[in-house]
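Structure record follows, encoded as structure tokens.
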Amino acid sequence: MRLASSFLPVILAAFTPVSILGKALFLEEFQGTDNPLSQWHLSKKEKYADQPIEVSSSRVPGSPDESSLLLKEAMKHYGLATFFDEAQDFTDQALVFQYEVKMEEPLQCGGAYMKLLGEGAVAAPDALDNETPYVIMFGPDKCGATNKVHFILRHQNPITGEWEEKHAQGVPAVKTDKKSHLYTLVIRPDNTFEILIDNVVEKKGSLLTDMDPPVNPPEMIDDPTDSKPQDWVDEAKIPDPTASKPEDWDEDAPATIPDMDVSKPEGWLDDAPEMVPDPEASKPEDWDEEEDGAWEAPLVLNPACEEGPGCGEWKRPTKPNPAYKGKWFAPLIDNPAYKGVWAPRQVPNPSFFRDEHPHNIPSLAGVAIEVWTTNRGLRFDSIYLGKDPAHAAAHATRTWKVKYDAELAEEEAAIQANKMEAAKGLQAKARLFVEEGIRQAKKQPLAAFTSALALLISFLYLLRPKGGKKEEREEEGKEETKGEEEEKEGEEEEEEDEDEDEEDEEDEEEEEEEVQEGRRSTRGRKKAE
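Residue numbers (our numbering): 11 to 539.
Listed below in structure tokens is the structure:
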């Protein structure tokens, strides 16, 4: 058994070396030799002439040495195949086939599927074409209304020896972006199958129930020699031959009639034209009647028609005719001669067989790529064929997953860089706005101060605590009550102050009287002396 290339474990620093010997029946990673395509045979058929194929860098972030098979140009047919050292038998065993696809531009129209070939599929290694028989075709295909991950099994009828394509139904759509994507097909000995994309199951099915046409043909079929008798009656209903048209049924009555309840509006101008020459128009100065003919003013709506109810010929509106019945038809009745829906009689299918184990496919001898694409830059990598789904998944985790995570990180970094660039633009605009504000402030400081103060007040107002309407009313009530109490306290204090002032005035008057009394006493004593 040949492994198409040795396992190269270094994709990124996180890549863990593993041994796949004894696990993968076939593994092609397009690395490790001077001529990675040495085991592949390019078709020499005319339609594939000069097909531009190369092995080159996969452009995986952080791993410039990672390489893959590249179909370089658009609008080309590509055909190449590689063959195993010995045919691989999958009788009563699982089959796992997976590979990576990476597109340098989003897929518009083209195939990226692969074919597993049986023994003797081609007369010569370089004789592959689109008619080369295959056992399984699997992988993405998108063009027009088609957008699916194909899983087609060619199955042989043991009675007739004919091969027929069985298409899996309900398959997933293709990943059309530019990242590395992993496509996996698993067929198990219980006839179940799975289609995975990026190690996630997208479709589960059964070879016995989910293929079209079915793997097993019907036991009974239509008799190809049977035909419908000439006197066979297909009509379940017929017009009642005993029915007749009622005497009062008028087929000629119109569907609508004039509405006699409507009359012409007063002031309607019957003789006034709806369009009149524009009175404001004048003949252009350069109008030459000998060359241009007689000049006529353009027509405009008649102002009299717009001002009044209308002008021109008045026509009475119509309404549905209550007497209208339309064409009469006889009612339908059950046809006494009706024999039912004719179908050919059923006969045993001479090609009938029952295959309870369609998972037992023919031995596989090789892998082929035979596609046509309108896109350039289609890459294939890590082509894996084995019998252990768990090992295939682990291998994908160590290879494809590392690439995919690196591509996601690169994509996220680009998104963040764009955001930062946009933020820088906003910062620059904000800086210009501030600088312009400072410049204007220097020219008109008072206006700038007023504007800044207004902005500050507005900002503080927006930051104020906000409650519900009920709380606002309670707060307002508290404020009013508090105001009334303060006002009452103020009035009481004023009254107390007035009382104190009156007492002070009385004390001053008493003191003044005492002083006067003292002065009188003094004058009296002096006079006595």
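Glycine residues also receive a C-beta, built at the ideal position from the N, C-alpha and C atoms.
Are the C-beta of residue i and some C-beta of chain D separated by less than 7 Å?
| i | result |
| --- | --- |
| R389 | Here there is only one protein chain, and chain D is not present. |
With a CB to CB cut of under 6 Å and the five nearest residues on each side skipped, what residues in its chain are close to residue i?
| i | result |
| --- | --- |
| S216 | N201 and T202 |
| K214 | E204 |
| P116 | T186 |
| I162 | M147, E175 and H177 |
| I343 | D250 |
| P168 | F363 |
| P135 | H51 |
Restricting to Cα atoms, I'd like to know which of the options is closest to residue i.
| i | options | result |
| --- | --- | --- |
| H160 | K411, K86, K189 and G120 | G120 |
| D139 | E290, A424, F148 and L127 | L127 |
| S66 | D60, K57, F40 and Y58 | F40 |
| D244 | C321, A133 and A353 | A353 |
| A122 | L470, Y414 and R386 | R386 |
| Y193 | V184, K185, V181 and I207 | I207 |
| E290 | L311, G336 and I162 | L311 |
| K57 | Q426, V381 and T170 | V381 |
| M230 | K33, P360, N45 and M147 | P360 |
| E306 | N167, A433, G89 and V286 | V286 |
| G149 | K125, V132 and R408 | K125 |
| V145 | F100, P46, Q426 and E431 | F100 |
| E358 | A59, P227 and D75 | Here residue 358 turns out to be Pro, not Glu, going by the sequence shown. Measuring from the Cα of P358, the nearest candidate turns out to be P227. |
| Q166 | V196, F362 and A423 | F362 |
| H401 | E284, V106, M430 and A134 | V106 |
| R355 | A246, D233, P319 and E295 | D233 |
| Q61 | E83, G130, G42 and D44 | E83 |
| V367 | V272, F36, V225 and A246 | For the sequence presented, residue 367 should be read as His rather than Val. With distances taken between Cα atoms, H367 lies closest to V225. |
| E114 | G320, F339, V210 and S190 | S190 |
| C153 | M85, E422, W338 and E420 | M85 |
| D102 | I63, K337, E38 and P199 | P199 |
| R164 | E317, N370, G322 and E96 | N370 |
Three-state secondary structure (DSSP) at residue i?
| i | result |
| --- | --- |
| I267 | strand |
| S68 | coil |
| T194 | strand |
| T186 | coil |
| N428 | helix |
| C119 | coil |
| K479 | Since pLDDT at K479 reaches only 47, below the 50 mark, its modelled position is unreliable, and no value is offered. |
| K54 | coil |
| H165 | strand |
| V412 | helix |
| I448 | helix |
| P7 | Look at the range of the chain in this structure, 11 to 539, and you will see that residue 7 is not part of it. |
| D222 | strand |
| K33 | coil |
| D302 | helix |
| L470 | helix |
| P313 | helix |
| A97 | strand |
| H369 | coil |
For residue i, count the other beta carbons within 10 Å of its own beta carbon; 16 or more makes it buried, fewer makes it exposed. Which is it?
| i | result |
| --- | --- |
| Q179 | exposed |
| E417 | buried |
| D151 | buried |
| Y394 | buried |
| F93 | buried |
| T383 | buried |
| P46 | buried |
| T156 | exposed |
| T170 | exposed |
| S254 | exposed |
| Q426 | exposed |
| T407 | exposed |
| L90 | buried |
| M221 | buried |
| T409 | buried |
| L470 | exposed |
Leaving out five residues on either side along the sequence, give the residues of the same chain with a beta carbon under 7 Å from the beta carbon of residue i.
| i | result |
| --- | --- |
| K274 | W324 |
| A333 | D260 and A263 |
Within its chain, find whatever has a CB closer than 8 Å to the CB of residue i; leave out the 5 residues flanking it on each side and keep chain order.
| i | result |
| --- | --- |
| P308 | P287, D288 and A291 |
| A137 | S53, K54 and K55 |
Should residue i be counted as a contact of the ligand FMN given a C-beta to heavy atom distance under 6 Å?
| i | result |
| --- | --- |
| P332 | Among the components of this structure there are no ligands whatsoever, and the ligand FMN is therefore not found. |
Please determine if the stretch 382-400 and the stretch 96-113 are in contact, where contact requires at least 3 C-beta pairs separated by less than 8 Å.
-> They touch, by the three-pair rule.
Are the stretch 71-83 and the stretch 40-57 in contact at 8 Å, needing three or more beta carbon pairs?
-> yes
Per the contact definition of three or more C-beta pairs closer than 8 Å, is the stretch 262-282 in contact with the stretch 368-377?
-> no
Below 8 Å, can you find three or more Cβ-Cβ pairs linking the stretch 230-241 to the stretch 348-357?
-> yes
Between the stretch 57-74 and the stretch 406-418, are three or more C-beta pairs nearer than 8 Å?
-> yes
Any contact of the stretch 297-308 with the stretch 324-334, i.e. 3+ C-beta pairs under 8 Å?
-> no
With contact counted as at least three CB pairs below 8 Å, one residue from each stretch, are the stretch 312-321 and the stretch 257-265 in contact?
-> no
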